[in-house]
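Quick note: the numbering used here has the sequence shown finishing at residue 405, numbered continuously throughout.
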Amino acid sequence: MPHFIPHRTLPLLLLACILPSWSHGQATDDRTIADLVRERCPSADILRIERSGSGLVEVEYLCGAELVEAGIHNGRVSYEEREVSPEADVMERIDRALAKQYAGWSLDEIALVTTADTSFLKVEVLQDGVEQNLYFTTTGRKYKPVDLLASDKWTLATLHGLELPRLGYDLLDPDTVFEMPDLLREISGIALVDEGRVLCVQDELGAVFTYDLSEGRITDVLRFTDIGDFEDIAVHGDTITVLRSDGHLVHLDRRRRIRINAQMPALASLNQEGLFLDPSTGDHVIVSKDAPVTGSADERQVQRIGRDGNVTVQRVLSNAAVSQALARDLPTLATGGVLFQPSAAEIHPVTKALYVLSASDRLLVVLHGGTIKVHPLPSEIFFKPEGLAFLPNGDMLISSEGDKKGIAKGSIMRFRYAAGK
C-alpha cells in the first residue's frame, strides 16, 4: 500500500517558534552566531558553521567535552542536538521498532534533539551507504516531527478566511501526501510518465527515480552521472531530459537506459530551476530562477530551446508584477513585496495557463493571457516547493524538498482539480 498521509493528520513541530529568551535578532554574521552559541555555553569552542539555502545556520561546537550541534534560524537557536545513550527500557522499545521495519540496517548513532518546547530522539540507521533518520519520543515511542525552519511568511492561520485566487484547487489541504524515502529527501523536479508513475530528480545525485504512486515506492533508478545540481526533469515519449542548475541539459532514453546526448543552451541567466515541455510544439522551455546577467534585476526569463538548439525568449516574468498582483488581490499579505524565484513551471492541460512555482516565499503564480494570479502556499504544507506536474484531467502534483536533517521529509502532494473551485 502507498505511504500517504492526509495533511490534516500531520502533527506539527514548530522548530522556528522558540522561547523569547532564545531570540537575539537576525544572525547576520559569524560574530552574532558565536554570541548566540556562547549564551548557551560560555566556553564553547566552535568547530564548524554551515549555511543552508533555507536560511538555517548549523553550528557544531564543543561545550566542555560534549559535542553539540545547534540550528540557528532568523536569529534564534531553533534546536540543539547532542549524542546520547538512552536508558535500557527506552532502547529496548527502539530496538523492537527497528527490528520490525529496518531489519538488516545497522544503528549508527542516537541523538537528543531539544527545542524550546519539546525534546525527541533522532536515530540514524545505515544500509549499503544509505542513511535513514528515524524519530522517537524520549520514552522510545514513534514520533513524527515536521520542520518549519524555512521562511513562514504564510501559514494556514494566515491564509484561512482570505478570498484566495480560484484556481480549481484547495491548496490549503492536499488530497493525498506521498512521503518520499530518504533517497528523495531533496526531491527537486518531477515529470509524469503516466497517471500512476512519476519521474523524479534530486539535487545532488545524477539519477532519475521512478516513483509509483499506487505502490508508494521507488520502482526504478536510472543513473546517468555522478554529481551535479539537478533541478528539473521533462519527459517526451521515451526521451527524458534533465536540467542542471547552470542550464546544461542531459537527454536520456528511458527504454534503452542510455544517455543520448547533452547540450548547453546559451541562456541569459546563470541559475535555472524550471523545465517543461511545450505540448503544442514539443520544444523544451526553461524558466530562470534568477535575473539575466545583463539586464533588469526584476526579470525572470522564460526561454524556448528550439530543435536546432537556438534560444528565444518566450516571455519575461517580473518580480514586481508578481508583488503587484499579490497586493491587488490580497493586500493584507503584501507588506514589503515578495521574492519571486521560479523553481518549477508547467502548462495546465485544461486551461493552458502557465503555472510557475517559487520556493522562495512559497508562491504559486498563474499566468493566463495578460492576467496574473498569485496564491501563497502555507509553510506547514510546503517546506520547499520545487517540482510541478499535471495529470491529464488537471489534477496537480507538487513536490516539496525536505530539510537536510531529515526532520521534514521530501514529499509529493496531489491536489484534485475542480474547475471553478
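We put the CB at the ideal spot given by N, CA and C, even for glycine.
Proximity to G354 [Cα-Cα], best of A311, L372, V300: V300
Three-state secondary structure assigned by DSSP to E42: strand
Going by the beta-carbon positions, is the gap between G59 and T99 smaller than 9 angstroms?
-> no
Euclidean distance between Cα positions of A250 and G152: Approximately 37 angstroms between the Cα atoms of the pair.
Considering only residues of the same chain and omitting the five flanking positions on each side of L254, which have a CB-CB separation below 7 angstroms?
-> The residues are D230, D274, V277.
task: Give the single residue among H332, L105, Y195, T123 whose Cα lies nearest to the Cα of V74.
output: T123
Helix, strand or coil, according to DSSP, for Q325 in the structure here? coil
Kindly list the residues whose CB is nearer than 6 angstroms to the CB of E44, restricted to its own chain and excluding five residues on each side of it in sequence; keep chain order.
Within its own chain, the residues whose Cβ lies closer than 6 angstroms to the Cβ of E44, once the five positions on either side in sequence are excluded, are L31, R32, E53, listed in chain order.
### Between the CA atoms of E76 and A83 - distance to the nearest angstrom
Between the C-alpha atoms of A83 and E76 there is a straight-line separation of about 11 angstroms.
Among residues of its own chain, excluding the 5 on either side of R35, which ones have a beta-carbon nearer than 6 angstroms to its beta-carbon?
V41
Inset, instruction - Over the uninterrupted beta strand (DSSP E) stretch that includes I78, give me the two end residues. - result: It is not in any beta strand (DSSP E) - I78 instead sits in the alpha helix (DSSP H) that spans 72 to 85.
Query - Own chain residues within Cβ distance below 7 angstroms of L146, not counting five before or after - result: L314
* Got a sec? Which residues, its chain only, sit under 6 angstroms from Y63 by beta carbon, not counting five neighbours each side? -> L(-1), G55, V97, T99
Exercise for the section: Check the DSSP bridge columns for M164 and list the partner residues they point to. Expected result: Looking at the DSSP output, M164 bridges to nothing.
Cβ shell of A311 (< 6 angstroms), same chain only, five flanking positions each side left out:
A318
Among R24, Y195, A28, which has the Cα closest to the Cα of M397? Per the Cα distances, Y195.
* To do: Could you spell out the range, first to last residue, of the alpha helix (DSSP H) harbouring R312?
  => 303 to 313
| field | CB-CB length for R284 against Q298, believed under 8 angstroms | value | With a Cβ gap of about 12 angstroms, R284 and Q298 do not count as contacting.
Going by the DSSP bridge assignment, what does Y119 pair with across the sheet?
Answer by DSSP bridge pairing, in chain order: K106.
Quick check on the burial criterion: 16 or more other C-beta atoms within 10 angstroms. Buried or exposed for I224?
buried
| request: Taking the CB atoms as reference points, tell me whether L148 and H359 lie closer together than 9 angstroms. | output: yes
### Coarse secondary structure for L91, derived from DSSP in three states
strand
What first and last residue would you give for the beta strand (DSSP E) that runs through A373? 369 to 374
**Prompt:** Under three-state DSSP, which class holds D19?
**Reply:** helix
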